[in-house]
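Enquirer:
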Amino acid sequence: MEAFLGVLYLRALRRERRFRDRLDLLALTDQELMKHYRFPRHELIELIEELVPQLRRRTRRTRAIPPHTQVLLALRILASGSFQHVIGDTTGPTQASVSRILYDVVVALANKAVQGVKMPATEQHRRATAQDFARIRGFPRVIGTIDCTHIAIKAPSIDEHLYVNRKRYHSLNVQVVCNARGLITSFCARFPGDGGYPLMPFLMVPYKQPETLSEHRFNKGHTSTRVVVEQAFGVLKLRFR
1 MEAFLGVLYL RALRRERRFR DRLDLLALTD QELMKHYRFP RHELIELIEE LVPQLRRRTR
61 RTRAIPPHTQ VLLALRILAS GSFQHVIGDT TGPTQASVSR ILYDVVVALA NKAVQGVKMP
121 ATEQHRRATA QDFARIRGFP RVIGTIDCTH IAIKAPSIDE HLYVNRKRYH SLNVQVVCNA
181 RGLITSFCAR FPGDGGYPLM PFLMVPYKQP ETLSEHRFNK GHTSTRVVVE QAFGVLKLRF
241 R
């Protein structure tokens, strides 16, 4: 019996070691990190350092999974769109544990987003942002490009029909503002659908039916400038499923 228990213990140690090794930043190449987690090494380290304080408070258990491992597990799920990839890769935590980890990490990310995703707050910052946009196509005084993208969700139990989009699946129409470098500076994911944007003192829209040469030029410049936010959507949806 003692020998049998010893064998089981050694197997458990090997599983735990294999689990740790596969989630060790130092054990993976730069290409493997991008493939599995969608971030380069230095950005992964920065992200983990940002989230550790929140995740550590949630894990007081003696054998709790370390915060950096939680972040990597969650990113693996978000990158692959599947729990099975994570369970199969690690042979460590159960699917129930991974579900809790994913929830904790997403909440921590959302809290950080509220703190860190902001429109230019100072005159100096707004001026620098406007200069970046002006270099694209000459549009003056632009501090952000705005658009919406559909994020698929499970059918809600209340007002389910309101969340069915034109492609016949349930989604939230998430509004995003980006700066000239494609960094998100504002977002809103509270409401289903939108009817397009009207012309307002703080919001420039293209001519619906351009007639003159200047109107066509305006629309061309508007499209070239606004494409930044569309490119940001493309990057997000290629990286995360």
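Numbering follows the UniProt record's numbering, with no gaps: position 109 of the sequence shown is 109. From the three backbone atoms N, C-alpha and C, an ideal C-beta is built for every residue, glycine too. All figures in this text were calculated on a predicted structure; none of them were measured in a lab.
1) Using 8 Å as the threshold, is the C-beta distance between Val105 and Val71 below it?
2) Compute the distance between the beta-carbons of Leu172 and Ile151, then report whether it is under 8 Å.
3) Using a threshold of 8 Å, state whether the C-beta atoms of Met119 and Gly144 are closer than that.
4) Considering only the beta carbon of each residue, do Leu51 and Pro67 sit closer than 8 Å?
5) I need the DSSP call for Ile184, collapsed to helix, strand or coil.
6) Please state whether DSSP places Gln175 in a helix, a strand or coil.
7) I need the straight-line Cα distance from Leu44 to His36, nearest angstrom please.
8) Between the Cα of Met34 and the Cα atoms of Arg76, Cys178 and Glu49, which residue gives the shortest distance?
9) Where does the unbroken beta strand (DSSP E) through Thr149 begin, and where does it stop?
10) Compare the beta carbon distance of Leu25 and Arg38 with 8 Å and say whether it is the shorter of the two.
11) On the DSSP bridge assignment, give the partners of His170 in chain order.
12) Taking buried to mean at least 16 other C-beta atoms within 10 Å of its own C-beta, is Ala232 buried or exposed?
13) What did DSSP end up calling Met200 once you bin it into helix, strand or coil?
14) Throw me the rounded Cβ distance for the Met204 and His216 pair, which I believe falls under 8 Å.
Expert: A quick look at the data gives this:
1) The residue labelled residue 105 in the question sits at position 105 within the sequence shown. The residue labelled residue 71 in the question sits at position 71 within the sequence shown. Result yes, Cβ atoms of Val105 and Val71 sit closer than 8 Å.
2) Walking along the sequence shown from the start, residue 172 turns up at place 172. Walking along the sequence shown from the start, residue 151 turns up at place 151. Result yes, Cβ atoms of Leu172 and Ile151 sit closer than 8 Å.
3) Start at 1 with the first residue of the sequence shown, and residue 119 comes out as number 119. Start at 1 with the first residue of the sequence shown, and residue 144 comes out as number 144. Closer than 8 Å, so yes.
4) Here residue 51 corresponds to residue number 51 of the sequence shown, with the count starting at 1. Here residue 67 corresponds to residue number 67 of the sequence shown, with the count starting at 1. Yes, Cβ-Cβ distance for Leu51 and Pro67 is below 8 Å.
5) Taking the sequence shown and counting its residues from 1, the one referred to as residue 184 is at position 184. Ile184 falls in the strand class under three-state DSSP.
6) Along the sequence shown, read from residue 1 onward, the residue named residue 175 stands at position 175. If DSSP states are grouped into helix, strand and coil, Gln175 belongs with the strands.
7) Sequence index remark: in the sequence shown, residue 44 carries index 44 (1-based). Sequence index remark: in the sequence shown, residue 36 carries index 36 (1-based). If you take the alpha carbons of Leu44 and His36, they lie about 11 Å apart.
8) As a position in the sequence shown, residue 34 is number 34, starting the count at 1. Minimum Cα distance to Met34 is reached at Arg76.
9) Your numbering for residue 149 matches position 149 in the sequence shown. Residues Thr145 to Ala152.
10) By 1-based counting over the sequence shown, the position of residue 25 is 25. By 1-based counting over the sequence shown, the position of residue 38 is 38. No, the Cβ-Cβ distance between Leu25 and Arg38 is not below 8 Å.
11) In the sequence shown, counting from the first residue as 1, residue 170 sits at position 170. Bridge partners of His170: Val164.
12) Position 232 of the sequence shown, counted from the first residue, corresponds to residue 232. Buried, since its Cβ has 16 or more Cβ neighbours within 10 Å.
13) Start at 1 with the first residue of the sequence shown, and residue 200 comes out as number 200. Reduced to three states, the DSSP call for Met200 is strand.
14) On the sequence shown, residue 204 is found 204 positions in, with the first residue counted as 1. On the sequence shown, residue 216 is found 216 positions in, with the first residue counted as 1. That belief does not hold up - the Cβ atoms of Met204 and His216 are roughly 15 Å apart, past 8 Å.
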